[in-house]
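If you read the sequence shown in my numbering, its first letter stands for residue 68, the second for the next number, and so on.
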Amino acid sequence: MERTANQNVKPLTCKRDENGELQIGGCKISKLIKDFGSPLYIYDYETIHSVIKDLKKAFNNTNIHIMYASKAFMTKAVCKIMQKENCGLDCVSSGELYTAYISDFDMQNVIFNGNNKTKEEIDMAVKWGVKLFSVDNFLEAKFLNDICKNKSIKMDILLRITPGIECHTHEYIQTGHLDSKFGFDLIQIDSIINLIKNEYQNLNLRGLHAHLGSQIFQTDVYRDCIKIILKEAKRIKNEYGLTLDIFNIGGGIGIKYVETDKPLSLFDFAKTIKEALKKYSEEYDIKNSHLYIEPGRCIVGTAGVTVYTIGSSKQVPNGRKYISVDGGMADNIRPALYGADYSVDLVKQCSQEQETVTIAGRYCESGDILIKDVNLPKIKHGDLICFYDTGAYCYSMASNYNRVLKPAVVMVKEGNAELIVKRQSFEELTESDVIPEMLK
Ligand SMILES: Cc1ncc(COP(=O)(O)O)c(C=O)c1O
Numbered sequence: 068m069e070r071t072a073n074q075n076v077k078p079l080t081c082k083r084d085e086n087g088e089l090q091i092g093g094c095k096i097s098k099l100i101k102d103f104g105s106p107l108y109i110y111d112y113e114t115i116h117s118v119i120k121d122l123k124k125a126f127n128n129t130n131i132h133i134m135y136a137s138k139a140f141m142t143k144a145v146c147k148i149m150q151k152e153n154c155g156l157d158c159v160s161s162g163e164l165y166t167a168y169i170s171d172f173d174m175q176n177v178i179f180n181g182n183n184k185t186k187e188e189i190d191m192a193v194k195w196g197v198k199l200f201s202v203d204n205f206l207e208a209k210f211l212n213d214i215c216k217n218k219s220i221k222m223d224i225l226l227r228i229t230p231g232i233e234c235h236t237h238e239y240i241q242t243g244h245l246d247s248k249f250g251f252d253l254i255q256i257d258s259i260i261n262l263i264k265n266e267y268q269n270l271n272l273r274g275l276h277a278h279l280g281s282q283i284f285q286t287d288v289y290r291d292c293i294k295i296i297l298k299e300a301k302r303i304k305n306e307y308g309l310t311l312d313i314f315n316i317g318g319g320i321g322i323k324y325v326e327t328d329k330p331l332s333l334f335d336f337a338k339t340i341k342e343a344l345k346k347y348s349e350e351y352d353i354k355n356s357h358l359y360i361e362p363g364r365c366i367v368g369t370a371g372v373t374v375y376t377i378g379s380s381k382q383v384p385n386g387r388k389y390i391s392v393d394g395g396m397a398d399n400i401r402p403a404l405y406g407a408d409y410s411v412d413l414v415k416q417c418s419q420e421q422e423t424v425t426i427a428g429r430y431c432e433s434g435d436i437l438i439k440d441v442n443l444p445k446i447k448h449g450d451l452i453c454f455y456d457t458g459a460y461c462y463s464m465a466s467n468y469n470r471v472l473k474p475a476v477v478m479v480k481e482g483n484a485e486l487i488v489k490r491q492s493f494e495e496l497t498e499s500d501v502i503p504e505m506l507k
């Protein structure tokens, strides 16, 4: 199978120049740090483009809708890329929807997902022109129907289901199994369909939606998911006379964080999915269907890196050597949250001598360790270290813990680097704070 970017640890354009210095998108990392400061998130445009191009090629001849899962990394610039690449967006909050809306994104190409959409958020989504909802629960179905009734419109919906498939991935990011906070299980689904058929006249059931989990390395779960969804669609047609034509199998395609990760090519995933779609569409007599996928991590994960500056260090007597950097759990919560592993490189490798070190974040938590016991050329204060594969679920999960400012984000392409998110300022950090009258 053709190799795809998600099978690499590094962004496609990442290389060492003649002086042994790391560059991405034709830009020297040390120069980027000089120009934009440290720590810094860097995104390689070429890698994002390549993944989307390969997804389209791999799903060639399928009626496919690529709905980028914006939770992975969402900014105005990302919306522009997705619009240009003709991808839709999967949004799960009014904030994500708003970012798309003010970026002039085509809101007809947005699906609104999420397990606790508020009435206000649903109202905003309808007002901003969203045309497809994945309904997750009974309360939301009622809210959405009421809002659409008031506006005399009929909204296309999918039902989010839990198909009962377990993926061999980290338990915190499994969502497709039965004990899940997301969606309807295959027993409850009849109650919601009855409501839609008999009471919720402003909802138009178009299809089913499932998401199996994240960082998935096997294709058979998608095959099984398609089988379950299409079988259910046939049952719904037979029992309720409703013909469904949208089948959304969510995201989850895995990427390579460390050498031991063996993610499959996007072409492998597409092959299994296309074969399953053909087989089960025939078996369950489903015609003219649309396949929706919601990849997040595999589109932006490999494209992004985070560069930190080395600060203090501590040698524990007869123990570890800790090297601290100017970032950590507030710009990348994944190691502390679920023990995620990363690969790293020094931007300039000055020393031939190697040492085993533990890279610690700057935040006041003992758990703020970015990588444990890694072999690197000897490091000194001021050196730059590059963490690969931080493009997904890092900036989007960033916080201001310890009142540290959020880093800037730049995009690089063919030797050009441009800011896509400014470094947060102290004014921005404190602008929402209010001193109440009682304290004046
Ligand atoms: C419903 C849904 N779709 C898509 C995604 C994106 O998953 P990934 O980034 O693993 O592709 C998620 C992630 O949690 C999700 O919950």
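All residues carry an ideal CB built from backbone N, CA and C; glycine is no exception.
Closest in C-alpha terms to Gly-274, from the list Ile-283, Glu-188, Asp-287, Lys-354, comes Lys-354. With a cutoff of 7 Å, Cys-292 does not count as near ligand 1, since its C-beta is closer than that to no heavy atom of the ligand. Within 10 angstroms of the beta-carbon of His-132 lie 16 or more other beta-carbons, which makes it buried.
Contact annotation: Leu-333 and Leu-99 have beta-carbon atoms that are not nearer than 8 Å.
Asn-261 has no beta-bridge partner at all, per DSSP. The three-state reading of DSSP puts Asn-212 in helix, counting H, G and I together. Listed by position along the chain, the residues with Cβ atoms less than 7 Å from a non-hydrogen atom of ligand 1 are Ala-136, Lys-138, Ala-139, Asp-157, Asn-180, Ile-240, Thr-242, His-278, Ser-281, Gln-282, Gly-317, Gly-318, Gly-319, Ile-320, Glu-361, Pro-362, Gly-363, Arg-364, Cys-365, Ala-459. A contact between stretches requires three or more CB pairs, one per stretch, nearer than 8 Å, and the region 186-195 fails this requirement with the region 324-331. By the criterion of a C-beta distance shorter than 6 Å, Cys-215 is surrounded in its chain by Met-222, Asn-269, once the five residues flanking it on both sides are discounted.
In chain order, Gly-318, Ile-320 place their CB closer than 6 Å to the CB of Pro-362, counting only its own chain and leaving out the 5 sequence neighbours on each side. About 29 Å separates the CB atoms of Gly-196 and Thr-229; that is not less than 8 Å, and the two are not in contact.
Bounds of any beta strand (DSSP E) do not take in Asp-287; it lies within the alpha helix (DSSP H) bounded by 287-307. The way I'd put it, the region 475-490 doesn't touch the region 425-445; fewer than three beta-carbon pairs between them come closer than 8 Å.
Contact annotation: the region 158-166 does not touch the region 386-396, with fewer than three C-beta pairs closer than 8 Å.
Where Glu-485 is concerned, the enclosing beta strand (DSSP E) starts and stops at 483-488. Counting only the Cα atoms, Glu-495 lies some 36 Å from Asn-204. Sequence-distant partners of Asn-442 (beyond 5 residues in either direction) whose C-beta falls short of 6 Å from its own C-beta, in its chain, are Gln-421, Thr-423.
In the DSSP assignment, Asp-335 falls within the unbroken alpha helix (DSSP H) covering 333-350. Secondary structure of Leu-311 (DSSP, three-state): coil.
Annotation: Val-118 to Cys-365 spans about 7 Å, alpha carbon to alpha carbon. Nearest neighbour of Asn-176 by Cα position, chosen from Ala-144, Ser-161, Met-134, turns out to be Met-134. Put simply, of Glu-266, Ile-452, Tyr-307 the residue whose alpha carbon is nearest the alpha carbon of Gly-378 is Ile-452. DSSP places Thr-185 in the coil class of the three-state scheme, outside both helix and strand. Pairing Ser-170 with Phe-140, the inter-Cα distance amounts to about 15 Å. According to the DSSP assignment, Val-145 belongs to the alpha helix (DSSP H) that extends over 143-151. Among the bridge pairs identified by DSSP, Gln-382 is matched with Lys-388. Counting only residues of its own chain and dropping the five nearest sequence neighbours on each side, Ile-340 has a CB closer than 6 Å to the CB of Tyr-289. Taking a contact as a CB-CB distance under 8 Å, the pair Ala-459 and Val-367 counts as one, their CB atoms being some 5 Å apart.
Looking at the backbone, the Cα of Asn-75 and that of Ala-370 are separated by about 10 Å. About 5 Å separates the CB atoms of Tyr-455 and Ser-410; that is less than 8 Å, so the two are in contact.
Under the rule that a run must span 4 or more residues, the alpha helix (DSSP H) segments found entirely inside the region 74-162 read 96-103, 112-125, 143-151. If you draw a straight line from the Cα of Lys-388 to the Cα of Leu-272, it is about 58 Å long.
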